[in-house]
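Enquirer: If you read the sequence shown in the numbering used here, its first letter stands for residue 7, the second for the next number, and so on.
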Amino acid sequence: MTCCLTRARREEDVVRLLAEGLRNREIAARLVLSPRTVETHVQNILNKTGFVSRAQVAAWHSRHDLEA
């Protein structure tokens, strides 16, 4: 994930919760979204970042969050 990557606000929320280790259904419940919508957000995040797993997104977020 690059520093200048543009993400929608909801994608930011999903990244944060994903980094906490929540599953799609748990993220959906927290954000009052359908699990399918969360799946779409996760896939969009993976496509934008070039990552292939949720773990990569979570690791990036953890490093990025510490640097901020």
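Quick reminder that beta carbons are idealized off the backbone N, C-alpha and C, glycines included.
#1: If we require 4 or more residues per run, which alpha helix (DSSP H) segments fall completely within the region 32–56?
#2: Measure the alpha-carbon distance for residue 46 versus residue 32 and round it to whole angstroms.
#3: Among 23, 49 and 71, whose alpha-carbon lies nearest the alpha-carbon of residue 38?
#4: My output table needs one value for residue 68: the three-state DSSP class, helix, strand or coil.
Expert: On the basis of the coordinates in this document:
#1: Taking only runs of at least 4 residues, the alpha helix (DSSP H) segments lying wholly in the region 32–56 are 41–55.
#2: 15 Å
#3: 23
#4: helix
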